[in-house]
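> Have a look at the structure that comes next, please.
There are 4 protein chains.
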Amino acid sequence: MINGEKNIRYPIRWAMVGGGRGSQIGYIHRSSALRDHNFQLVAGAFDINPERGQEFGVNVHVNPERCYPDYKTMFAEESKREDGIQAVTIATPNSTHYEICKAALDACLHVVCEKPLCFTTEQAKELETIAKKKNRVVGIAYGYSGHQAVEQARRMIANGDLGEIRMIHMQFAHGFHSEAVEQENPSAKWRVDPEIVGPSYVLGDLGTHTLYLSEVMAPKLKIKKLMCTRQSFVKSRAPLEDNAYTIMEYDNGAIGTLWCSAVNAGSMHGQKIRVVGSKASIEWWDEQPNQLRYEIQGKPAQILERGMGYLYPEAVADDRIGAGHAEGLFESWSNLYRRFAMAMEALDCGETWNDIWFPGIEAGVEGVRWIENCVRSADNGGVWVEYR
Amino acid sequence: MINGEKNIRYPIRWAMVGGGRGSQIGYIHRSSALRDHNFQLVAGAFDINPERGQEFGVNVHVNPERCYPDYKTMFAEESKREDGIQAVTIATPNSTHYEICKAALDACLHVVCEKPLCFTTEQAKELETIAKKKNRVVGIAYGYSGHQAVEQARRMIANGDLGEIRMIHMQFAHGFHSEAVEQENPSAKWRVDPEIVGPSYVLGDLGTHTLYLSEVMAPKLKIKKLMCTRQSFVKSRAPLEDNAYTIMEYDNGAIGTLWCSAVNAGSMHGQKIRVVGSKASIEWWDEQPNQLRYEIQGKPAQILERGMGYLYPEAVADDRIGAGHAEGLFESWSNLYRRFAMAMEALDCGETWNDIWFPGIEAGVEGVRWIENCVRSADNGGVWVEYR
Amino acid sequence: MINGEKNIRYPIRWAMVGGGRGSQIGYIHRSSALRDHNFQLVAGAFDINPERGQEFGVNVHVNPERCYPDYKTMFAEESKREDGIQAVTIATPNSTHYEICKAALDACLHVVCEKPLCFTTEQAKELETIAKKKNRVVGIAYGYSGHQAVEQARRMIANGDLGEIRMIHMQFAHGFHSEAVEQENPSAKWRVDPEIVGPSYVLGDLGTHTLYLSEVMAPKLKIKKLMCTRQSFVKSRAPLEDNAYTIMEYDNGAIGTLWCSAVNAGSMHGQKIRVVGSKASIEWWDEQPNQLRYEIQGKPAQILERGMGYLYPEAVADDRIGAGHAEGLFESWSNLYRRFAMAMEALDCGETWNDIWFPGIEAGVEGVRWIENCVRSADNGGVWVEYR
Amino acid sequence: MINGEKNIRYPIRWAMVGGGRGSQIGYIHRSSALRDHNFQLVAGAFDINPERGQEFGVNVHVNPERCYPDYKTMFAEESKREDGIQAVTIATPNSTHYEICKAALDACLHVVCEKPLCFTTEQAKELETIAKKKNRVVGIAYGYSGHQAVEQARRMIANGDLGEIRMIHMQFAHGFHSEAVEQENPSAKWRVDPEIVGPSYVLGDLGTHTLYLSEVMAPKLKIKKLMCTRQSFVKSRAPLEDNAYTIMEYDNGAIGTLWCSAVNAGSMHGQKIRVVGSKASIEWWDEQPNQLRYEIQGKPAQILERGMGYLYPEAVADDRIGAGHAEGLFESWSNLYRRFAMAMEALDCGETWNDIWFPGIEAGVEGVRWIENCVRSADNGGVWVEYR
């Protein structure tokens, strides 16, 4: 059980780009990073509006001198300080991820980046190369993957509890954009602007989250080919889709499906993943994250509960409050930030971290690549394309 | 509320072909037909083994003289009697439906036929032509469509409660054949023998049920094109599939998806349908048939309950025991058999039945046609095919 | 699996008193009794209005000559016929059960009686004595007890799967009478008239159903003392209660609680029973009757499904359509009527039926006795009373 | 939406007594207090073993000089510092709450205390008097009451959405102590030692939590009399109960019931509350805290979701991550600690805080008083006692 005591030797000096006032995700980044003293927030370029950013920074207890007008200034100034930042989180609109991430790596900083990492596989691979060369961690904010049930699923599959994997069914389908809300709500507008979000809306914004869950749960499966069809039910969103279906064929003959949508009227999140094996299936729903359904063919379905002794040890390791108590998304993110910190410390000290996993640069690359393949299929009439 | 009193003027003299000892569906046909005195079981060719069929018939109170060795004899002999049968249910293996149905129509009998009606659209259309010419009812055993929640869904959609329909998601995915159970269980063997079941296994056995639900709920949607991919996870089943995915595009731009499977390990039935509109969605699950989930975007999700006064009158009409009490599949079938009887009586009396619907010959044709299109797509590599 | 074939040698000649047009329960009695040819409806005194009763009888295919104006005439006339009735169901208002049941037994008829059997333990025991003397079956319409999950619970407890039983929690709490609906709805009026329903409303109308489930599941537990408090939240119902709580102490130190209510606003049925043992608990809800929740301490909770091979054989014996398919209340009643028929036949033939159980006269006596004890406690300020 | 920015002017200098290594609740206190810079952990007497406490303190970044061997030393030493502590959390065994709380108030510190506040109403009222005299906040760790659904329930009831309140049903019934686990697990041993936990086990440990939820939701209801029966199903626990039932009558004629248990085999938490009004009911379950069930009589049941715009503004005020995302127990506690801080700051500045509520000293008094009344009833044979 995580008890909040010191996890790494020294808290990492950390900054944020973006995530200031009005940000939907700034708070969860900050709250999760700071949760257990693994990071210290010492600097920031929180806002495109420097004054607003400075005011925000002071409110979150950052030294006003280290509240910078933009990321370039921050990286430059901080590099001159002995106590300069060691890591940075990028929580800005999608279109800026690539350049900021590249600049951060060039400044020899560890990075935590919002997804998608960038817009093209080419860019993503470039970042991967730089990160490896610079020996830096790039953590990707696939924030649902830190739930303990996800770890349990991973261990069950690795252990063969499900038999041979035959199918993975994924969906992330909410209904909040059933109408053209972006026309009245500026904070939703950027999501459907290709300049800002890249070549897809829901595939990237939603689909990659669940896709990454499948990679965590069943890391051995590799996509061989896929087909995708996408729709803009709110017509003004075209060419960006607000709904899409993807069918994937894996190397071993297994099949994956993924439905992502922002127009699934009445649904809250609707993020679910079901992995079907030759002997049993598991199913997980991010809105009730403390439970994992386990269905062995011919036996009664079982409800596995977070924190219980019958789980795999790795799935109990992140328990913070004991079984029966509801943990939520903040704990999932905190678990990931804790692993980011451990990996950063390990790299800095020339150590390895074989025993932990986290959404790293490869996951970032894979997400971008998957979007690219989906769009290529969809824009060719929903044909099957070799995954490349 | 149905109270079981006389529904039609005279009970229809009725026989069965198949459905004898060991049949999985014979009992539900019989129980539903006889439920409310709409049919009288007066004859039968219950078994391919005449002696066993005769013994069975006597046990279900059929005059031994009217227990026939085969359907041909039955149709011939009964036609000579003044009190001969007026209707027949065909509950035999799929490969025999076409010839028996044709013979029954030729004998001027009303028919209730198990699905699929036959193996090819051509055959199906031929039967449709004969039925129309002979002025006979052909009811198809899409037994789930008689649930009151299905009627409520139909009325809600017709009334525009969901807005414009954008998506229909269907699945019928159990796990009972996750292993090659047919190798030890002869009663499962026929399901994977193309000679007996035709060109598909789960598409026909399962998928057509849920497809028909979509036709009942959203009758205006017409499939324009579709793609299908099918798998034989238990390899010995090839070329028949034990798992399949279909994506459909409707005339109006709406999208349908259908997953059918016999290898969804640990799942019981897994028959669900979700219809998503521009304003709201509904979702129904055949294992909890008394509830219908209604999700208006931006409002709390609602659980509609069978039998309640807030439902559309047509959805309460078939209530037999009052809200709160669980009705089940037998009531759904009974509702259909009651409508079959009403339609048969109406046709015989030259009346029309504008106010009721039931799965008739068109539904039978459509099921066969859909299977044919799915197989055509799947066997061409999962390409999109125009629906024809 | 029940397949609807002949269950007993000859269908029992059967009549109804009450249950005619407008009756809420007449249809389920008739439908269940006739389900599998165990009973033949040959006579009836269906209505207090003879003409309406006759018309109704004809509609349900009873010979008009055997539609009688009242039960006395029916018992007298039928006793003169060689093919006279052998059994009768009493589905009349509560206040008439005693006299009709007594008359039926005096006429040497088997009886199925609505609950409560009568108003006082003294009356109940008198009926029990007559029934034993006359060697007649008296079945009580505790219609929920025929569900397969109830049988499974009984077998699990008998087998020690739960360990020692510590608690039984019962509730039957709907909300349909949250307001004084009886003032506008005559068909609800009798339920709150002590002349017609006896000394209690919800204790008798609802509580006895769930109490009987506890007797079936844990037959060894005997109530030693109890306390009860009852309320009339709709004041015009006083002295009859529309809500009540009972706490029972059993011989072995186990505790039972029972909440019954007609003012549990927004609830449909709310009939649930949870049995807690030293090792595990089970929980069942009559609105989702095909599932039984099984929670072993320290293990994942399990959802047991009707019809599955992992259940006790006795719990699968009544399966009519296979696991996964929803059965409902009609099947539960049909299972009971089938057992009534088997018991009647056995008694007539001097046989015994050790292998079946059903709600018989003892259950009827027990229900009345329990109401009496509850009322005695409640009317003395909710004190503990020795159960007698 | 709470965004983690500064909530109060200056973070409160804060210490803990207890809550060190091995504590089940130390982490959630710390994590919640520190969540949003409202408190700074600057001192502590974390452990009865001073060395272990010191080591722990250093690990959680407390200045080693301010890690004290015991609370007395801490209060004395800190009072000498200009930057001495302003508030303290007491997370020690129950038997020590009274003396430490008293000492803290005497030292003019604000207090957050684990429940139960102490062992007798007399002690509790004494603490209340001191707190008022000293003008100090005493927050009680009823940690479930900070959930947004609880606030929503409170507003709905205040607004009359349920009509007149008729019943409140409460339960907190887990199964983790179905066996005598305390005999092998020392950390469970203290819970059943009257010297340490006082006159009750589950009534105090569990029941008071849910009782407080009822006070928050329906603050106008006042208990008039109650009856309680308690059991020691694991006999070695006597005289302390591991299971208890309480029935309460409120001033206005409403009825409350509360079941608390540590032997509800197989249950995780089982903390639920259902409030039934004359028009509608609400139901909440702490294991799925983001949903609130709302059942209006005669309408479909509704599932209200945390964070949605249709909730009362006060119920959305504490949203941290947007609807659809799962929040958990840590957010509930954080909401309470935030209110504690606001109240502490307000008192220090001579301000009032009419617009917020939190579990304060009155809630602490009420919990102790309720336990006392329950025990008095139970130990007199489960009789009704006037609430005093």
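Respectively, the protein sequence lines represent chains A, B, C and D.
Under the working numbering, the first residue of the first sequence is numbered 555, with each subsequent residue one higher.
Under the working numbering, the first residue of the second sequence is numbered 555, with each subsequent residue one higher.
Under the working numbering, the first residue of the third sequence is numbered 555, with each subsequent residue one higher.
Under the working numbering, the first residue of the fourth sequence is numbered 555, with each subsequent residue one higher.
A virtual CB, placed ideally from N, CA and C, is assigned to each residue, including glycine.
For clarity, every value in this text was computed on a predicted model and none was experimentally measured.
1) Three or more C-beta pairs under 8 Å: does that hold for the segment 818-826 of chain A against the segment 801-808 of chain A?
2) Please compile the residues from chain A whose C-beta is within a distance smaller than 8 Å of the C-beta of Leu858/C.
3) Since Tyr864/C meets chain E, which of its residues come closer than 8 Å, beta carbon to beta carbon?
4) Please list the partners that Arg584/D has in chain A, where partner means a Cβ-to-Cβ separation under 7 Å.
5) What residue range does the alpha helix (DSSP H) around His583/B cover?
6) Please classify Asp872/D as buried or exposed, where buried requires at least 16 neighbouring CB atoms within 10 angstroms.
7) Would DSSP call His723/B helix, strand or coil?
8) Pick out the complete alpha helix (DSSP H) segments inside the segment 757-803 of chain C, 4 residues or longer, and give them in chain order.
9) What does the Cβ neighbour count give for Thr627/B, buried or exposed, with the cut at 16 atoms within 10 Å?
10) Please tell me whether Tyr799/A has its Cβ less than 7 Å away from any Cβ of chain B.
11) Nearest CA to the CA of Trp839/C: which residue from Ile915/C, His728/C and Val929/C?
12) So, using beta-carbon positions, are Glu668/A and Ala645/A closer together than 7 Å?
13) From the DSSP output, read off the bridge partner residues of Arg567/B.
14) Sort Ala599/B, Ile684/B and Leu760/B by Cα distance to Gly921/B and report the nearest one.
15) Measure the C-alpha to C-alpha separation of Ser548/A and Asp660/A and round it to an integer number of angstroms.
16) How about Ala597/D and Ile639/D: do their beta carbons lie closer than 7 Å?
17) If we count Cβ pairs, one from each stretch, closer than 8 Å, do we get three or more for the segment 588-604 of chain D versus the segment 882-896 of chain D?
18) Given a cut-off of 7 Å, decide if Gly574/B and Asp601/B are closer than it, judged by their beta-carbon atoms.
19) Buried or exposed: which applies to Glu934/D, given that a residue is buried once 16 or more other Cβ atoms fall within 10 Å of its Cβ?
20) When you compare the segment 776-783 of chain D with the segment 822-835 of chain D, are there three or more beta-carbon pairs, one atom per stretch, that lie closer than 8 Å?
21) Using the C-alpha atoms, what's the distance from Arg745/A back to Ala734/A?
22) Going by C-alpha distance, which of Asp715/A, Val616/A, Cys672/A and Trp887/A is nearest Ile915/A?
23) For Lys656/B, which residues from the same chain have a beta carbon less than 8 Å from its beta carbon, with the 5 sequence-adjacent residues on both sides left out?
24) For a contact meaning CB atoms closer than 9 Å, what does Tyr848/D contact in chain B?
25) If distances are taken between C-alpha atoms only, which option among Met862/B, Arg923/B, Tyr799/B and Tyr625/B comes closest to Gln725/B?
26) Need the endpoints of the beta strand (DSSP E) that Gln640/B sits in, please.
27) Taking the C-alpha atoms as reference points, what is the distance between Cys876/B and Gly861/B?
28) Indicate the three-state DSSP secondary structure (helix, strand or coil) for Trp887/D in the structure shown.
29) Closest Cβ-Cβ distance between Ala599/A and chain B: below 7 Å?
30) Pull out every residue of the segment 860-889 of chain C whose Cβ sits closer than 7 Å to any Cβ of chain B, in chain order.
31) Residues of the segment 718-745 of chain B with a CB closer than 8 Å to any CB of chain A: list them in chain order, please.
32) So what does DSSP say about Ile875/B, is it helix, strand or coil?
33) Opposite Ser821/C in the DSSP bridges: which residues?
34) Cα-Cα, which of Tyr625/A, Val919/A and Lys774/A is closest to Gly693/A?
35) Straight-line CA distance for Arg874/A to His701/A?
On the basis of the coordinates in this document:
1) A contact is defined here as three or more CB-CB pairs under 8 Å, and the segment 818-826 of chain A fails this definition with respect to the segment 801-808 of chain A.
2) Those are Pro854, listed as they occur along chain A.
3) Given the protein chain composition of this structure (A, B, C and D), no chain E is represented.
4) Result: Gly558.
5) Unbroken alpha helix (DSSP H) run through His583/B: Gly580 to Leu588.
6) Buried, because 16 or more other Cβ atoms sit within 10 Å of the Cβ of Asp872/D.
7) In the three-state reduction of the DSSP assignment, His723/B falls in the strand class, which pools E and B.
8) The qualifying runs are 762-771.
9) When all chains shown are included, Thr627/B counts as exposed.
10) At a cut-off of 7 Å between C-beta atoms, Tyr799/A counts as an interface residue with respect to chain B.
11) Proximity to Trp839/C across Ile915/C, His728/C and Val929/C peaks at His728/C, based on C-alpha coordinates.
12) Going by C-beta atoms, Glu668/A is nearer than 7 Å to Ala645/A.
13) Looking at the DSSP assignment, Arg567/B forms a beta bridge with Gln594/B.
14) The shortest Cα separation from Gly921/B among Ala599/B, Ile684/B and Leu760/B belongs to Leu760/B.
15) This structure leaves residue 548/A out entirely; chain A is present only between 555 and 942.
16) In this structure, Ile639/D lies closer than 7 Å to Ala597/D by Cβ.
17) The segment 588-604 of chain D is in contact with the segment 882-896 of chain D.
18) It is a contact, given that the beta carbons lie within the stated cut-off.
19) According to the sequence displayed, residue 934/D carries Asn and not Glu. Answer is exposed; the Cβ neighbour count stays below 16.
20) No contact exists between the segment 776-783 of chain D and the segment 822-835 of chain D.
21) Those two C-alpha atoms are separated by around 12 Å.
22) In this structure, Cys672/A is the residue among Asp715/A, Val616/A, Cys672/A and Trp887/A with its C-alpha nearest to the C-alpha of Ile915/A.
23) Same-chain partners within the cutoff: Glu680, Leu681 and Ile684.
24) Within 9 Å Cβ-Cβ: Pro854.
25) Answer by Cα proximity: Tyr799/B.
26) Counting along the chain, Gln640/B falls outside any beta strand (DSSP E), and DSSP gives it neither H nor E.
27) Residue identity check: residue 876/B is Gly in the sequence provided, not Cys. Looking at the two C-alpha atoms, the distance is approximately 6 Å.
28) In the three-state reduction of the DSSP assignment, Trp887/D falls in the helix class, which pools H, G and I.
29) So, not an interface residue.
30) So the close ones are Arg874, Ile875, Gly876, Ala877, Gly878, His879, Ala880, Glu881, Gly882, Leu883, Phe884 and Glu885.
31) Listed by position, the residues of the segment 718-745 of chain B near chain A (Cβ gap below 8 Å) are Arg720, Met721, His723, Gly729, Phe730, Ser732 and Glu733.
32) In this structure, Ile875/B counts as coil in the three-state DSSP scheme.
33) Its beta-bridge partners do not exist; DSSP assigns none.
34) Among Tyr625/A, Val919/A and Lys774/A, the Cα nearest to that of Gly693/A is on Val919/A.
35) For Arg874/A and His701/A, the distance between alpha carbons rounds to 12 Å.
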